[in-house]
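Numbering-wise, this note's numbering comes out as the position in the sequence shown, counting from 1, plus 555.
Taking it in order: structure first as structure tokens, then the write-up.
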Amino acid sequence: MRRPCAAFDDGLGYRRGMPKRHYKKNTKHKRGTSGEGPPRWFPSRDSLCPDEIDEALAQELLDGGVDGADLAHPDARAVYAIYEGVFYKAYAEGVEPDREHGNVEVWHGYPVRRELVPRQVPAKVLRTFVKAKRLSRPEYKKLLGSAQ
């Protein structure tokens, strides 16, 4: 299997001096939990993860993601990834002890619906994807043109 975010992966899977990032699944974004699902489900903006995104692939997306700001949540740290044309956004939930790695940052993520990309993925992150050839320039311009 090819590494989905190899363009951003420094081979370490974490930033020097920071705890390792650990993906923790959140059933909120899985099929079967949307309508009656966990609290804080907002159908107007939340989206379901594709069935093929398992924990191992989600961890790869997180490890190879791009750090970016989140204007909607200025105090939160976000990481963005793109895989097979779909954008993903992850948030840090906190730090937990880990026997193997010491302390790890716990993250959960979700796909960003295409029509929400211009508002949820910063232009700086989109430019990073263009430079890494993970997003075409015409698609980048199209996404920015649809920002409202």
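In this text, a Cβ means the ideal position worked out from N, Cα and C, and glycines have one as well.
- The straight-line gap separating the alpha-carbon atoms of Ala-687 and Gly-619 is approximately 12 Å.
- The Cβ-Cβ distance between Trp-662 and Ala-647 falls below 9 Å.
- A straight line joining the alpha-carbon of Arg-674 with that of Val-634 spans about 15 Å.
- The beta-carbon separation of Cys-604 and Tyr-665, rounded to 6 Å, stays under the 8 Å limit for a contact.
- For Gly-664, the enclosing beta strand (DSSP E) starts and ends at 657–667.
- In its chain, beyond the 5 residues on either side, Glu-610, Ala-613 and His-663 have a beta carbon closer than 8 Å to the beta carbon of Lys-580.
- When DSSP states are grouped into helix, strand and coil, Asp-622 belongs to the strand group.
- The residue among Glu-607, Asp-630, Gly-623 and Val-659 with its C-alpha nearest the C-alpha of Ala-636 is Gly-623.
- Close CB contacts of Val-680 within its chain, under the 7 Å cut and outside five residues either way in sequence, are with Val-621, Gly-623 and Tyr-635 (chain order).
- For Lys-580, there is no enclosing beta strand (DSSP E), as DSSP marks it with neither H nor E.
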